[in-house]
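Enquirer:
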Amino acid sequence: MKFIAECGLNHNGNLDLTYELVRQSSFSGADIVKFQLGWRGGKDEMNHLDKDRLTKIINFAEYMDIQPMFSIFTEEAYELIKEFNLPLLKIASRTLVDDYDLVKKMLDDGNNLIISLGMWEKDEMPFEPNDKIDYLWCISKYPCLIEDLTNFPKDFSRESVTGYSDHTIGIETALLSISRGAKIIEKHFSLDKSDTTIRDHVLSATPEEFKTMVQIGRELHKQVAFGV
598 MKFIAECGLN HNGNLDLTYE LVRQSSFSGA DIVKFQLGWR GGKDEMNHLD KDRLTKIINF
658 AEYMDIQPMF SIFTEEAYEL IKEFNLPLLK IASRTLVDDY DLVKKMLDDG NNLIISLGMW
718 EKDEMPFEPN DKIDYLWCIS KYPCLIEDLT NFPKDFSRES VTGYSDHTIG IETALLSISR
778 GAKIIEKHFS LDKSDTTIRD HVLSATPEEF KTMVQIGREL HKQVAFGV
């Protein structure tokens, strides 16, 4: 069972806040802390991470004993992250749809990928399932409402998806997915849900909420694994 603290853009371009997000993700029990790398707007965007800042984030995450991971949005971002030889990379569904060839290149290079399927509308999976890919079920709405979840998997173990990327408000739907067999949970993470700088703050879990989700979720996973 893996829990991903999706900090995304919630660092607001502030390195000190980025460090605190990493620290609190670790304290909250997350296995992985994730940020976004290479947005299409250019290097003047507040979320831009250059090599120096990227190095600092990765080093600090390793110091805090939490695995760093990045969503890769552009070819330039991929070329940058390759230098760090990270064991796992994330693919947002937008990248999957907009730049399929980039994702294929990353797979061909031997990378382990977690791929969200929110914007993928085809019946077949983007790539043949293999041990290099974990797919996440997802609804690409921010926030996602309960009425948007009509096709929520009844049993993740019978689907071609390993886990769930959650955009709902609260932790209940993430826990529901674990009870239905999800083995990877990605949940947005924020230190201040009232922050309006980035839209993702409001649908994020606080450190306290994330810790509760992890504690209950790991117990749920044990019970599901034992067939309770």
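Under this note's numbering, the first residue of the sequence shown is numbered 598, with each subsequent residue one higher. Backbone N, C-alpha and C fix where the C-beta goes; we use that ideal spot for every residue, glycine too. These figures come from a predicted structure and were not determined experimentally.
1) Considering just the uninterrupted stretch of the beta strand (DSSP E) at Tyr739, what are its terminal residues?
2) Is it the case that the segment 721-732 contacts the segment 744-752, given that we only count it when at least three CB pairs across the two stretches are under 8 Å?
3) Can you find the residues in the same chain that come closer than 8 Å, C-beta to C-beta, to Lys648, ignoring five residues on each side of it along the sequence?
4) Considering only residues of the same chain and omitting the five flanking positions on each side of Met661, which have a CB-CB separation below 7 Å?
5) Would Ala771 and Gly715 be called neighbours here (beta carbons separated by less than 9 Å)?
6) At 3 residues or longer, what runs of the beta strand (DSSP E) sit wholly inside the segment 755-802?
7) Cys604 and His764: beta carbons closer than 9 Å?
8) Could you name the residues of the same chain whose beta carbon sits closer than 6 Å to that of Tyr616, not counting the 5 residues immediately before and after it, in chain order?
9) Could you pull the start and end residues of the beta strand (DSSP E) that Pro665 belongs to?
10) Is Ala822 buried or exposed, if buried means 16 or more other CB atoms sit within 10 Å of its CB?
11) So, for Glu555: in the same chain, excluding its five sequence neighbours on each side, which residues have a beta-carbon less than 7 Å away from its beta-carbon?
12) Taking the alpha carbon of Lys738 as the point to measure from, which residue in Phe807, Glu659, Ala689 has its own alpha carbon closest?
13) Who are the Cβ neighbours of Leu686 in its own chain at under 6 Å, not counting the five residues just before and after it?
14) Do you know whose CA, among Ile712, Lys719, Ile655, Gln633, lies nearest Pro665's CA?
15) How long is the line joining the alpha carbons of Glu808 and Val700, rounded to whole angstroms?
16) Within its chain, find whatever has a CB closer than 8 Å to the CB of Leu693; leave out the 5 residues flanking it on each side and keep chain order.
17) In terms of residues, what are the limits of the beta strand (DSSP E) holding Gly824?
18) Could you tell me which of Lys599, Asn607, Phe600, Ile601 sits nearest to Lys790, measuring between CA atoms?
Expert: According to the structure data:
1) Translated into the one-based positions of the sequence shown, residue 739 becomes position 142. Counting along the chain, Tyr739 falls outside any beta strand (DSSP E), and DSSP gives it neither H nor E.
2) no
3) Numbered from its first residue, the sequence shown carries residue 648 at position 51. Leu677, Glu680, listed in sequence order.
4) If you number the sequence shown from 1, residue 661 lands on position 64. These residues qualify, in order along the chain: Val619, Arg620, Ser623.
5) Here the question's residue 771 lines up with position 174 in the sequence shown. Here the question's residue 715 lines up with position 118 in the sequence shown. In this structure, Gly715 does not lie closer than 9 Å to Ala771 by Cβ.
6) 760-763, 781-785
7) Residue 604 sits at position 7 when you count from the first residue of the sequence shown. Residue 764 sits at position 167 when you count from the first residue of the sequence shown. Contact: no.
8) What you label residue 616 is simply residue 19 of the sequence shown in a count that begins at 1. Taken in chain order, the residues that qualify are Phe657.
9) Taking the first residue of the sequence shown as 1, we reach residue 665 at position 68. Here the beta strand (DSSP E) through Pro665 covers 664-669.
10) Start at 1 with the first residue of the sequence shown, and residue 822 comes out as number 225. Flag for Ala822 reads exposed.
11) In the structure displayed, the chain extends from 598 to 825; residue 555 sits before or after that span and is not available.
12) As a first step, residue 738 is located in the sequence shown; it is residue number 141 there, counting from the start. For the residues Phe807, Glu659, Ala689, the minimum Cα distance to Lys738 belongs to Ala689.
13) In the sequence shown, counting from the first residue as 1, residue 686 sits at position 89. Once the five neighbours on either side are set aside, the close Cβ partners of Leu686 are Ile669, Asn708, Leu710.
14) As a working mapping, residue 665 is identified with position 68 in the sequence shown. Checked all of Ile712, Lys719, Ile655, Gln633; the closest Cα to Pro665 is Ile655.
15) As a position in the sequence shown, residue 808 is number 211, starting the count at 1. As a position in the sequence shown, residue 700 is number 103, starting the count at 1. What sits at residue 808 in the sequence shown is Lys, not Glu. Taking the straight line joining both Cα atoms gives about 32 Å.
16) The residue given as residue 693 occupies position 96 in the sequence shown. Cβ within range, chain order: Val700, Ile712, Ser713, Leu714, Met716, Trp717, Pro723.
17) Counting from 1 along the sequence shown, the entry for residue 824 is found at position 227. First-last for Gly824: undefined, no H or E at that position.
18) Taking the sequence shown and counting its residues from 1, the one referred to as residue 790 is at position 193. Nearest option by C-alpha distance: Asn607.
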